[in-house]
Each structure stands twice: as C-alpha cells, then as structure tokens.
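Novice:
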Amino acid sequence: MKTKHWKCKIRKTALTIPFILYICISSCKDSIVEVPSPPCEPIDTTQIKGSKMDWWNDARYGMFIHYGIYSALAGEYIGKNTEGTSIHFQSIGNKNSQIDTVQIGKGAGAEWILYEASIPRESYRKYASSFTAAKYDPQAIVSLAQKAGMKYIVITSKHHDGFCLWNSNATKWNVSQTPAGILWNNDLIAPLAQATRAAGLKFGIYFSHTRDWMHTGGMGPIPELNMSEYSYAENQQYMEKYTYPMISDLLERYHPDIFWWDSNNPYEEFAEKCNSLIVNSSSTIIQNNRISTLPAYQGDFETPEQAMDENTEYENMELCMTLNGSWGYNQFDTGWKEPEFILWCLLRANKLGGNLLLNVGPRADGTIPEQCQIILEKVGQWVNENSDGIYGTRKSPFRFNLPYGPTTWRKKNGSQHLFYHIFYWDGSGELWLPGIMNATNEVELSFPSSPQLSFKIEAIDGVGLHLTGLPQKQFSDKMCTMLDIKFKSEPRLIEGTREINNILQLDALGAQIGNVRIDDFETKPCINWYEGRRLTYKIHIKHNDTYKISTLLAGYSSGTITFNFGNEITLTGNNQATPGGHTGFEWQNMGSIYLKQGEYELNITSKQVDSWLKVRAFKIEHE
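At position 40 of the sequence shown the residue is numbered 40 (UniProt numbering), and the sequence of numbers has no breaks.
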C-alpha cells in the first residue's frame, strides 16, 4: 500500500519499446457514477446520478484487511537476499539495536517486505507453510467491524506479492499451497464475504492488478531482477495469463460491491480491459481511482492514503489509513494511533463528504492484534452512540474546521443539521460558534449525550452564536462531545475565526492541514509539526491595527515560524527551545504586524534547526 518512488532499470529484451516510467500511487466524487466510454474519451457522468453510490455515501466508515504470506514474516526476514548476501531485515525497528547488522526498512509496511529486503522468490515461497489461518474467524472479524461502527469490509484478495487468498485457477501461488487452504477449503474470502453480507454490511475486494513481484511479467521494479522491469510484451502476457482471468474469477465467485484496485498502470489497453470486465459484470460495482493514471479511468472515488489534503476539493473520497505504521501485520510496530486521533480522522473525512477505510493486519493465524481491537471498540462505542453525526452525512458547508474540532452535515426529517464535534473542554463554561449567523429563534441546539442539559444561547453580531451556562468539565462522552445544531430556517453561515474579546485564538484542531499528526488528546490536542507541513486558517480581522502574534509551543530546538496573510503580508518570528522539550509548552512572541480589516487565508509554516515542534495554539491580539 505504500507509495514508492524509485530509479528504474529496464531489462533488455529483443523487443524495442519506448521507455516508460512506471509510477505506483499507493494508497470521492459526490453522487455521480461514472460510466465507461470509448477508450481515452471523457466519461459522461451527466446522465446517471445517485444509484450505486448512495449506500457508499451513507456508510462513511469501513474496514480494510491486509492478509497474506507477508503476515507470516511479521515484518522480519533472516536469510539471503537476491544478491546472495545474508541479511537480518526488519520492516520497522530501532536503529540503535544491539544487533548492529539489522537492516531497517525505509518506511513501507510489512506487506512490502519481499521488495524492501529483496527476498528471493523461492525463499519467500517457503513462508507459505507458516500461513495457517488456524484462528481465522470471519464472524469475529465482522462482529468487530460492527462494534467499530463500520458499514463495509474490503479484503486483499491479492497484494503485490502475487499471493491469492482463494484457489485461483490462474496460478498455483495461492491459498491451496498453505495450511490455511486445508482448514478453509482453499478459500479465505468466501466465508468472510458470507459473514459480512449476513450482518447487513457491504463487501469489497482489493486487487493488485499490475504490480506483482512473484510472477513473470508483473509491472514495476522486480527484486528477482535486481530491480529491473519486465518488457511491455511480458507485461501484456502477464495481464492475459493472470490479471484478466483473476478479475473474472473474483467477480463470478464473490460478486463484490466494491472493487478496490491498487498500483495504477499507464497503459490504456490494460485499463480498458480491466474496466470492461467490471462494468460488463455488474452496473452496481463501485471502483476506486487506482485502475490507471489515465484521466478516462478514474473510477468512482479517490483514495488518499494515510492523510488527506483539506485544501483539495474532493467529489467522492475515501481516506485509507493504518492503525499503526503498517498495513500488513508487523510484530515490531507498536506505534498505535490514539483512538481520539482515529475518530478525528473519521470526522474530518466525513466533513469533506468522504469515508474512512481503516486497516487491520491479522497475524498469520488469522487473529487481530489486541491493540487493534481495543482502539476499534473504543472508537466504535462513540460512533454508535453519535451515529447521526456520521452516517448519511454530506460535505460540510464549513471547509475550514471550527475551534475544538470539525463539523459534519446532513438532512434529517426535512431539517438541516450541523454537527459540531468538540474534542476538548476548556473549563470556561462557555462555547463560541463562530460563523453561524442565524438568530437564536432560527436554531435548535442540543447535546445528544446530555439531552436534558439547559444553557443560554446568544447571537453576537459579526461573530456567531455564544453558549453560556455549560458544565466546566467535559461531558460523560469524554472522547468527543457532539453538539447538534438544527436549523429551523435557511442556515446563514460564514467561514472563518473571529475576534472574541479582542483576541483571535487559533487552536490545533481549527487548522486546515494535510499530512500532520495530532497528539495529546487526553490533555489538550497539539500538532506534531514538521518542516514543510503547512497549517491554514481562515480569519477575519475586525479593525485596521498592529497585531501581536504568539505561539503556544514545545520543542527541543530553535527555529522560525512564518505567517503569510493572503500571500501578501508576511511575518517571520523566531522560536526558542523550551524547558522539557516536547512536554514544556509555553507562549512565545513571534513579533508584530500591521493588518487591515478584512478576511484572510492565513498560511503558517515552520523551519527548525533540528527536530520538530509541538504546537497547541496561535494568538493574534491588538498590540
């Protein structure tokens, strides 16, 4: 699943073809379904709306499963590589290990171990004997997905190592060559599909259709060829011998609701044939956008991986993400993401009108790691108790986040609802809702977890709604509190943070971000801020004046923080290391700048001498 960039070596063959750089983009268009057109011509989506995408747009949350021979290696290989050198390789590990000879992977998940460690094919095949699925329990997996609040499941039928979880007629490199085949009638997919549908969930098939390190003709750099590539003619033979028959077989056996391609290919004839197999099989199968790099074959939804760019205007989008750093099971990867972070990612995806496809990587025996289950069940408890703010939601009118967390949007019983997801409580007993400009008699506010709670609502001109008389402590749903804002009349919404008591405060959760990690949800959320990562806010300046800017930060080194107001006005301030490193938060002055009244898109970047910063908030106040 990891995006890889490489220098390619083309294996010489008798056939002369133009050099083609093969690019694999590893890992949502609203309610428009794309239908096939003649090759290389634009697809007309104006005639078909809704239909097959309806359930997908309502589901909002699914389970991804990466399961295969790589699960048996569990992120570690000890043996000879393709050059004949004895190695000890770990997909992730401690570079200060007492075993100085251990090689550490370059960031790909454990499912890429054959590639990263350059394992010979015959050596890799031997791990089939350890792929037992002895404790594989499809019903338990489905039950876990339901507890998590997930509405569909997608499993890897064949990943880049070419191994098939079913008894494919196209290759012997499949489950029939493993102990798992004996236990499960040579098919690990069918019982999961059956259990999934019996529970009322939708079922999807992941299929790596071009990249294959184990079969002759697979695309991309091949470890067995010292990272050279097969010729175009060999690619054609691979597609005819393996890919097309496998697709037809998967469609006939499992009738998937989703076909999840991986490893884009640049060749039109391959994309056209793969696509035609799907659309000729069923008009209701949903496809992602990884069938090809060509514009005519972009499927029904986009698939950002691990992070999404909130500046991108997605139509249909599904964020796919791991619970730690690996898609396949890795015994060394204990970097589990906080349940609050997972929930925050889910709600941000929903805010953009998209879904979250959250991955689990079973062990070789089929069991789901315990920490996976703990995280999923904790998130699921909240999701199932606050389902109105997730299922059936559509793109929020607030592209930018409000302070304290994101918003989601839906219509329910004829009324429009904005759900505000509050991840921390500041203890003030009040809550501002900037940008909601309706009068108090035009809205009905409630906290679903505390429906009897009474509080006062005021409409503050030029700012928004102001709630007072709230508890000073977080509600019982400590993970996140959902506020349901029901509009009795047409919503009047204006994006952007505004001055409150002459101070414009920007918290970590209010930022529009891309690949940035949020931590410390148990105390007060902060951004793990690395160089090159941009934070964006929309702000409203009330008066022409000189403003002082401060940052609440913690870090081990000094550096600079640059504030760019609408690409015209820039302030660069200096930050210093804080006592206690990443645990010693303090306000630091960034300097002063003159700003005119108006609306700005504020972009903030950081450059540190060493390490990275943790940032909780920025403050802009009259000097």
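Just so you know, even glycine gets a beta-carbon here, dropped at the ideal spot from N, CA and C. All of these numbers come straight from a predicted model, not from anything done at the bench.
In whole angstroms, what is the alpha-carbon distance linking Glu370 and Gly392?
Specialist: Reading the sequence shown from its first residue, position 370 is the one you call residue 370. Reading the sequence shown from its first residue, position 392 is the one you call residue 392. Cα to Cα, Glu370 sits roughly 30 angstroms from Gly392.
Novice: Give the straight-line distance between the Cα atoms of Ile368 and Trp184, rounded to the nearest whole angstrom.
Specialist: For this step, residue 368 is matched to residue 368 along the sequence shown. For this step, residue 184 is matched to residue 184 along the sequence shown. Cα to Cα, the separation comes out at about 18 angstroms.
Novice: Can you tell me where the beta strand (DSSP E) holding Ser281 begins and where it ends?
Specialist: For the purposes of this step, residue 281 is identified with residue 281 of the sequence shown, where counting begins at 1. Note, Ser281: premise wrong, no beta strand (DSSP E); alpha helix (DSSP H) at 268 to 281.
Novice: Assuming contact is defined by CB atoms lying nearer than 9 angstroms, are Trp612 and Glu495 in contact in what I supplied?
Specialist: Looking up residue 612 in the sequence shown gives position 612. Looking up residue 495 in the sequence shown gives position 495. No.
Novice: Helix or strand or just coil, what does DSSP make of Ile513?
Specialist: Looking up residue 513 in the sequence shown gives position 513. Ile513: coil per DSSP, three-state reduction.
Novice: Could you give the distance in angstroms between the alpha-carbon of Lys351 and the alpha-carbon of Cys345?
Specialist: Looking up residue 351 in the sequence shown gives position 351. Looking up residue 345 in the sequence shown gives position 345. Taking the straight line from one Cα to the other gives about 10 angstroms.
Novice: Going by DSSP, which residues form a beta bridge with Ala554?
Specialist: For the purposes of this step, residue 554 is taken as residue 554 along the sequence shown, with counting starting at 1. Bridge partners of Ala554: Lys614.
Novice: Pull up the distance between the alpha-carbon of Ile222 and that of Ser228, whole angstroms please.
Specialist: On the sequence shown, position 222 is the one that residue 222 refers to. On the sequence shown, position 228 is the one that residue 228 refers to. Near 6 angstroms, if we compare the C-alpha coordinates of Ser228 and Ile222.
Novice: Report back the beta-carbon spacing between Leu395 and Gly353 to the nearest angstrom; my notes put them in contact at under 8 angstroms.
Specialist: For this step, residue 395 is matched to residue 395 along the sequence shown. For this step, residue 353 is matched to residue 353 along the sequence shown. According to the sequence provided, residue 395 is Lys. The question's Leu does not apply to it. The pair is a contact, with the Cβ atoms about 3 angstroms apart (cut-off 8 angstroms).
Novice: Here's the rule I'm using: 16 or more other beta-carbon atoms within 10 Å means buried, otherwise exposed. How should Trp587 be labelled?
Specialist: Counted from its first residue, the sequence shown places residue 587 at position 587. Exposed, because fewer than 16 other Cβ atoms sit within 10 Å of the Cβ of Trp587.
Novice: Could you name the residues that DSSP lists as bridge partners for His209?
Specialist: For the purposes of this step, residue 209 is taken as residue 209 along the sequence shown, with counting starting at 1. Paired residue(s): none; His209 is not in a bridge.
Novice: Closer than 9 angstroms, CB to CB, is Ala134 near chain B or not?
Specialist: Protein chain content of the structure displayed is limited to a single chain, and chain B is not contained in it.
Novice: Using the DSSP secondary-structure output, state which residues sit across from Cys372 in a beta bridge.
Specialist: In the sequence shown, the residue the question calls residue 372 occupies position 372. Beta-bridge pairing links Cys372 to no other residue.
Novice: For Ile17 and Tyr232, I'd like the C-alpha separation in whole angstroms.
Specialist: Here residue 17 refers to the residue found at position 17 of the sequence shown. Here residue 232 refers to the residue found at position 232 of the sequence shown. Since pLDDT at Ile17 reaches only 33, below the 50 mark, its modelled position is unreliable, and the value read off the structure follows with that caveat. Taking the straight line from one Cα to the other gives about 7 angstroms.
Novice: Kindly indicate which three-state DSSP category residue 627 falls into: helix, strand or coil?
Specialist: It is not possible to answer for residue 627, since the shown part of the chain is limited to 1 through 623.
Novice: So what does Gly464 bridge to, in DSSP terms?
Specialist: The count along the sequence shown starts at 1 and reaches residue 464 at position 464. Note: Gly464 sits in a beta bridge opposite Pro434, Ile460.
Novice: Whether or not the stretch 149 to 167 and the stretch 109 to 127 are in contact is what I'm after, with contact meaning three or more pairs of Cβ atoms, one per stretch, closer than 8 angstroms; do they touch?
Specialist: A contact exists between the stretch 109 to 127 and the stretch 149 to 167.
Novice: Excluding five sequence neighbours on each side, which residues of the same chain lie with their C-beta closer than 7 angstroms to the C-beta of Gln505?
Specialist: Counted from its first residue, the sequence shown places residue 505 at position 505. Same-chain partners within the cutoff: Ala617, Lys619.
Novice: Return helix, strand or coil for Asp187, following the three-state DSSP convention.
Specialist: As a position in the sequence shown, residue 187 is number 187, starting the count at 1. Three-state DSSP puts Asp187 in a strand.
Novice: Once you ignore the five residues that flank Cys40 on each side, which residues in its own chain have a CB closer than 8 angstroms to its CB?
Specialist: Against the sequence shown, residue 40 aligns to sequence position 40. Confidence is the limiting factor: at Cys40 the pLDDT is only 27, short of 50, which leaves the residue's position unreliable, though a coordinate-based value still follows. Glu268, Leu294, Ala296, listed in sequence order.
Novice: Rounded to a whole number of angstroms, what is the C-alpha to C-alpha distance between Ile604 and Ile513?
Specialist: Position 604 of the sequence shown holds residue 604. Position 513 of the sequence shown holds residue 513. Cα-Cα distance, rounded: 10 angstroms.
Novice: Suppose you measure from the CA of Asn567 to the CA of Ile593; what does that come to, to the nearest Å?
Specialist: Locating residue 567 in the sequence shown gives position 567, where the first residue counts as 1. Locating residue 593 in the sequence shown gives position 593, where the first residue counts as 1. The straight-line gap from Cα to Cα measures roughly 14 angstroms.
Novice: Under 9 angstroms, do His417 and Asp520 count as touching if we go by C-beta distance?
Specialist: In the sequence shown, residue 417 corresponds to position 417, counting from 1. In the sequence shown, residue 520 corresponds to position 520, counting from 1. Not in contact: His417 and Asp520 (Cβ atoms no closer than 9 angstroms).
Novice: Could you give the residue range of the alpha helix (DSSP H) that holds Ser123?
Specialist: Sequence index remark: in the sequence shown, residue 123 carries index 123 (1-based). Per DSSP, Ser123 belongs to the alpha helix (DSSP H) from 121 to 125.
Novice: Do Ser326 and residue 626 have their beta-carbon atoms positioned less than 9 angstroms apart in this structure?
Specialist: Look at the range of the chain in this structure, 1 to 623, and you will see that residue 626 is not part of it.
Novice: Measuring alpha carbon to alpha carbon, tell me which residue in Thr570, Leu571, Ile569, Thr560 is nearest Ala577.
Specialist: Residue 577 sits at position 577 when you count from the first residue of the sequence shown. Ala577 has its Cα closest to that of Thr560, out of Thr570, Leu571, Ile569, Thr560.
Novice: So, are the CB atoms of His421 and Gly435 less than 9 angstroms apart?
Specialist: Counting from 1 along the sequence shown, the entry for residue 421 is found at position 421. Counting from 1 along the sequence shown, the entry for residue 435 is found at position 435. Taking 9 angstroms as the Cβ cut-off, His421 and Gly435 do not qualify as a contacting pair.
Novice: What did DSSP end up calling Gly202 once you bin it into helix, strand or coil?
Specialist: Working through the sequence shown from its first residue, we reach residue 202 at position 202. The sequence given here has Lys at residue 202, not Gly. The answer is strand: DSSP assigns Lys202 an E or B state.
Novice: What residue from Glu305, Ile503, Leu535 has the CA that sits closest to Lys548's CA?
Specialist: Numbered from its first residue, the sequence shown carries residue 548 at position 548. The shortest C-alpha separation from Lys548 is found at Ile503.
Novice: Express the C-alpha separation of Phe270 and residue 638 in angstroms, rounding to a whole number.
Specialist: Residue 638 lies beyond the range of the chain shown here (1 to 623); nothing can be said about it.
Novice: Count the other CB atoms within 10 Å of the CB of Asp610; is the residue buried (16 or more) or exposed (fewer)?
Specialist: In the sequence shown, counting from the first residue as 1, residue 610 sits at position 610. Per the 10 Å Cβ criterion, exposed.
Novice: Enumerate in chain order the residues of its own chain whose CB-to-CB distance from Glu338 is below 6 angstroms, with the five nearest sequence positions on each side excluded.
Specialist: Reading the sequence shown from its first residue, position 338 is the one you call residue 338. Phe521, listed in sequence order.
Novice: Does DSSP classify Glu76 as helix, strand or coil?
Specialist: Here the question's residue 76 lines up with position 76 in the sequence shown. Three-state DSSP puts Glu76 in a strand.
Novice: Return the residue from the list Pro191, Thr284, Lys151, Thr243 that minimises the CA-CA distance to Met53.
Specialist: Numbered from its first residue, the sequence shown carries residue 53 at position 53. Among Pro191, Thr284, Lys151, Thr243, the Cα nearest to that of Met53 is on Thr284.
Novice: Ser143 by DSSP, collapsed to three states: which one?
Specialist: One-based indexing of the sequence shown puts residue 143 at position 143. Helix, per DSSP.
Novice: So, do the stretch 123 to 134 and the stretch 168 to 186 have three or more beta carbon pairs nearer to each other than 8 angstroms?
Specialist: In short, these stretches touch, since the Cβ pair count reaches three.
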